[in-house]
Amino acid sequence: MITLEKTPDVLFIVDTHKEAGAVKEARKSKVTVVGIVDSNADPTLVDYPIPMNDDAAKAVDYVLGLVKEAIVEGKKKVKKVQKEEK
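Each residue of the sequence shown is one higher than the one before, counting from 558 in our numbering.
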């Protein structure tokens, strides 16, 4: 995150065990962490853990698809609310 121009609001991590450094840096920077947490990782280090096997590529792809859909829907709702407030 050191090379980013702006600190992100949220960081999504697929393998929180492998990317433990990113989790640590995000927590230090007070960035919300959402992550896939396998049995080899500490779920208490993640604000919004998704417990699952991060080695199962199809399962990870499925979850990432759901996350993408949720983000798209959330953005649509924000735009709708912003229009209604005008």
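Note that the Cβ used here is the ideal one computed from N, Cα and C, for glycine as well.
Check: 6 angstroms Cβ shell around residue 626 - same chain, five flanking residues per side excluded; Outcome: none
Check: Same chain, Cβ closer than 6 angstroms to residue 637, neighbours up to 5 away in sequence not counted; Outcome: none
Check: Three or more C-beta pairs below 8 angstroms linking the stretch 581-590 and the stretch 560-571; Outcome: yes
Check: As assigned by DSSP and simplified to three states, the class of residue 608; Outcome: strand
Check: Close Cβ partners of residue 594 (< 7 angstroms) along its chain, the five nearest in sequence each way excluded; Outcome: 573, 600, 603, 606, 607, 608
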